[in-house]
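Take a look at the structure set out below.
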Ligand code: 5RP
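Numbering (this note's numbering), first residue to last: 49 to 280.
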């Protein structure tokens with residue numbers, strides 16, 4: 049297996065091992081969380097885990113949960129989320145994140161933000177000293193506001209690209225029916241300030257800065273061909 053896939057698999061397994069019976073789980077989106085969902089499903093099928101309900105953060109998470117036999121619920125039906133497990137595109141030393149590589153950050157922020165405990169599952173390539181250094185910041189925008197929001201983000205110093213579909217002509221459409229602008233900043237000095245400033249632009253639904261939400265980071269690494277997981 050290629051080393052990145054191996055790291056993702058092992059970190060997903062480590063997160064799934066932390067799930068306890070009787071909990072409401074936030075089910076994140078992306079290729080790393082997909083492994084966690086798979087292993088949670090395996091623990092449920094073997095009887096090692098009981099009485100789990102998942103709140104999916106995307107269509108993808110919902111499909112995977114059903115495929116692996118994890119019962120689903122909604123935010124209308126639960127008072128709390130005990131544990132959320134989700135990936136990230138960048139993680140800084142203060143546990144602040146950039147998310148939205150899968151265009152799911154709006155629902156992810158709602159679900160992950162409600163969780164009592166939020167475990168982030170990443171491979172070591174996602175660790176950065178400063179957010180924005182390797183990854184463009186995803187911003188979900190109402191389609192009618194793409195032009196003015198693009199101008200406002202450019203005025204903030206960002207280089208803005210409308211995210212385009214793969215195997216689909218035209219832009220990516222989110223699970224909410226909106227579009228995504230990927231905004232490259234040189235580096236983000238004040239993540240909390242930028243999160244609020246961007247969300248204050250009319251037409252913006254949510255951006256991918258997750259500030260002060262993560263409680264634990266599980267990092268997958270490969271050393272001498274062997275995958276290890278460390279907790280930050
Ligand atoms: C989706 C996300 C993902 O969690 C993030 O892009 C990481 O994905 P992967 O585990 O595939 O690298 O934020 O919106």
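Each residue gets a CB set at the ideal place from its N, CA and C atoms; glycine is no exception.
| Item | Value |
| --- | --- |
| Figure out for me which residue from 141, 89 and 137 has the closest Cα to the Cα of residue 120. | 89 |
| When we look at the beta-carbon of residue 271 and count the other beta-carbons within 10 Å, is it buried (16 or more) or exposed? | exposed |
| Can you tell me the Cα-Cα spacing of residue 140 and residue 257, whole angstroms? | 11 Å |
| So for residue 130, helix, strand or coil by DSSP? | strand |
| Smallest Cα separation from residue 59: which of 239, 207, 86 and 124? | 86 |
| Of all the options 151, 196, 82 and 97, which has the alpha carbon lying nearest to the alpha carbon of residue 57? | 82 |
| Is any heavy atom of the ligand 5RP found at a distance shorter than 8 Å from the C-beta of residue 270? | no |
| Quick one: is the Cβ of residue 215 within less than 8 Å of any heavy atom of the ligand 5RP? | no |
| According to DSSP, is residue 155 part of a helix, a strand, or is it coil? | helix |
| Any heavy atom of the ligand 5RP within a distance shorter than 8 Å of the CB on residue 151? | yes |
| Would you call the segment 189-207 in contact with the segment 154-163, where contact means no fewer than 3 C-beta pairs closer than 8 Å? | no |
| Looking at residue 134 and the ligand 5RP, is the gap between the Cβ and the nearest heavy atom below 8 Å? | yes |
| Does residue 275 come out as helix, strand or coil in the three-state DSSP assignment? | strand |
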